[in-house]
Amino acid sequence: MTLKTTKTMSDADVRTFLPRPIIGVGAVVWRDDQILLIKRAKEPNIGSWSLPGGAQELGETLEQAVRREILEETGIEISPPILVDTVDLISPAPNGIIQYHYTLIDFTAEAVGADLCAGGDAADAQWVDATRLAPYKLWNKTIEMIEKARRVRGNAQPR
Numbered sequence: 001m002t003l004k005t006t007k008t009m010s011d012a013d014v015r016t017f018l019p020r021p022i023i024g025v026g027a028v029v030w031r032d033d034q035i036l037l038i039k040r041a042k043e044p045n046i047g048s049w050s051l052p053g054g055a056q057e058l059g060e061t062l063e064q065a066v067r068r069e070i071l072e073e074t075g076i077e078i079s080p081p082i083l084v085d086t087v088d089l090i091s092p093a094p095n096g097i098i099q100y101h102y103t104l105i106d107f108t109a110e111a112v113g114a115d116l117c118a119g120g121d122a123a124d125a126q127w128v129d130a131t132r133l134a135p136y137k138l139w140n141k142t143i144e145m146i147e148k149a150r151r152v153r154g155n156a157q158p159r
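Position one of the sequence shown corresponds to residue 1 (UniProt numbering), numbered consecutively onward.
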């Protein structure tokens, strides 16, 4: 009798060296003057701090994707998200072939509820003063997105 074994692929295997980009969503989620950051539990950039978010799934709208990802990673529900901007994260391997290519679509939203709990692809989740981000060593594009989100949020507030 022979046993049949199947190899399972990790997320990293499925998301590397693809012929096309992966669509990712994220959000600058606000609670007063604090923003929500997560510590990544998976590659790429495991252990680094970033905005919560992840890959859009087939059949899911961008709004559904961002709401799901924020909830999965932080336990936080959000107000209707507002589009902020897009950015491409392209990482070539040493041989020059593209290992990762994510087209990231970022939103801003207000937190609804306060029961913060890291989960999913997040090893940790924290509310952080939006003016004290240096200790988190964020990607420069993330800092730019937070500043853009601050402007969008200011324009969306009732006057």
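All residues carry an ideal CB built from backbone N, CA and C; glycine is no exception.
Give me the residue from the options with the minimum Cα distance to residue i.
| i | options | result |
| --- | --- | --- |
| GLY24 | LEU89, ILE97 and VAL152 | LEU89 |
| GLY120 | GLU73, SER79 and GLY59 | GLU73 |
| GLU77 | GLY59, LEU116 and ARG40 | LEU116 |
| ILE82 | LEU51, LEU138, LYS141 and ALA27 | ALA27 |
| GLY53 | THR61, ARG153, LEU104 and VAL14 | LEU104 |
| LEU133 | ILE22, PRO21, ARG15 and LEU36 | LEU36 |
| PHE40 | LYS137, VAL84 and TRP30 | With the sequence shown as reference, residue 40 is identified as Arg, and Phe is not the correct amino acid for it. The residue with the shortest Cα to Cα distance from ARG40 is LYS137. |
Under a three-way DSSP split, which group does residue i fall into?
| i | result |
| --- | --- |
| GLU43 | coil |
| ARG132 | coil |
| ALA12 | A caution first: ALA12 carries a pLDDT of 49, below 50, which makes its placement in the model unreliable, though a value can still be read off. Reduced to three states, the DSSP call for ALA12 is helix. |
| GLU60 | coil |
| LEU36 | strand |
| ASP125 | It is Ala, not Asp, that sits at residue 125 in the sequence shown. ALA125 falls in the strand class under three-state DSSP. |
| LEU89 | strand |
Can you give the Cα-Cα distance for residue i and residue j, rounded to whole angstroms?
| i | j | result |
| --- | --- | --- |
| ALA125 | GLN34 | 12 Å |
| PRO21 | LYS141 | 18 Å |
| ILE143 | GLY59 | 30 Å |
| THR131 | GLY47 | 22 Å |
Does the beta-carbon of residue i have 16 or more other beta-carbons within 10 angstroms, so that it is buried, or is it exposed?
| i | result |
| --- | --- |
| GLN64 | exposed |
| LEU18 | exposed |
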